[in-house]
Amino acid sequence: MRVCVQHEAFDLGTESARFAAGHRDMGAIVTFTGIVRDLPDDPMEAMEIEHYPGMTEKAITAMAREAVTRFELGDVLVIHRYGRLQPGEMIMMVATAARHRKNAFEAATFLMDYLKSRAPFWKREISASGASWVAATEEDEAALSRW
Amino acid sequence: MDVLYFAWVRERIGLPREVVETQAATVSELVAELCAREERYAAAFEDLSALRVALDQELADFDASLEGVREVAFFPPMTGG
Chain H
1144 MRVCVQHEAF DLGTESARFA AGHRDMGAIV TFTGIVRDLP DDPMEAMEIE HYPGMTEKAI
1204 TAMAREAVTR FELGDVLVIH RYGRLQPGEM IMMVATAARH RKNAFEAATF LMDYLKSRAP
1264 FWKREISASG ASWVAATEED EAALSRW
Chain B
-10 MDVLYFAWVR ERIGLPREVV ETQAATVSEL VAELCAREER YAAAFEDLSA LRVALDQELA
50 DFDASLEGVR EVAFFPPMTG G
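Here it is, written out as structure tokens:
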């Protein structure tokens, strides 16, 4: 299990390949990658991601451990960036390894739902028209109830 | 105890963290003490349903006890992922 909270960019190919290697007993690997999405009507200059050093690592590690137990994962990787990012940059990735695909997919979805609403990150979008904090949505909160 | 603020809570209060001397027994009592200090705190804590609190880096409720707590953090709902 690996949890990385970092400003630096990561290489999706390198991380995916490293994660996939060395799991001969795992038949399924799922990866998800989140990208800074530009705003269609108001081009974004940057996205700033604030976080709570210390709590962030603890919260993500707890989620990852829960995912390992619940979905019988062989391994899990979470990388989440903070700081100032440009549209098109990768914000984060999740990788899960399980014996079969169903658990690998479900574990990745579970982790994404929890990262969205329970990992202490706050996004701010900066565009020509100003800066605004991204608001949490009811859908994101409701997504947790299925777990 | 150390009190930390994040995102727009930090912006409204105007600082990221401070040391607060308090006898408050619960988070709600601490919030009431802070709000009584200055308008900027009252503005930040105006709607508690829009806020979250963590005690020693674990999410908690506003009626939670502060006994033994060293670090309290206030912030809006999280937007990770």
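First to last, the sequence lines map onto chains H and B. According to the working numbering, the residues represented by the first sequence are 1144 to 1290, in order. According to the working numbering, the residues represented by the second sequence are -10 to 70, in order. Quick reminder that beta carbons are idealized off the backbone N, C-alpha and C, glycines included. Given the structure is predicted, the values throughout are model-derived calculations rather than measurements.
> Below 9 Å between beta carbons: does that hold for THR11/B and TRP1276/H?
Replying inline: Between THR11/B and TRP1276/H, the CB-CB gap reaches or exceeds 9 Å.
> Taking only beta-carbon atoms, is GLY3/B less than 9 Å away from chain H?
Replying inline: Against chain H, the CB of GLY3/B has no partner CB under 9 Å away; the residue lies outside that interface.
> Tell me, which residues are paired with VAL42/B by DSSP?
Replying inline: ALA49/B and PHE63/B
> Considering GLY1156/H, what are the terminal residues of the alpha helix (DSSP H) in which it resides?
Replying inline: 1155 to 1163
> According to DSSP, what are the bridge partners of LYS1266/H?
Replying inline: ILE1192/H, per the DSSP bridge assignment.
>> Within 8 Å, do at least three Cβ pairs link the segment 1249 to 1266 of chain H to the segment 1175 to 1194 of chain H?
In response: yes
>> Can you tell me whether HIS1243/H is buried or exposed? The criterion is at least 16 other CB atoms within 10 Å of its CB, across all chains shown.
In response: exposed
> If you draw a straight line from the C-alpha of GLY1231/H to the C-alpha of CYS24/B, how long is it?
Replying inline: 41 Å
>> Just to confirm my understanding: we take MET1187/H, look at its own chain, exclude 5 residues before and 5 after, and list those with CB closer than 6 Å. What are they?
In response: The beta carbon of MET1187/H sits closer than 6 Å to the beta carbons of ASP1181, PRO1230, GLU1268 and SER1270 from its chain, once the five residues preceding and following it are set aside; these are given in chain order.
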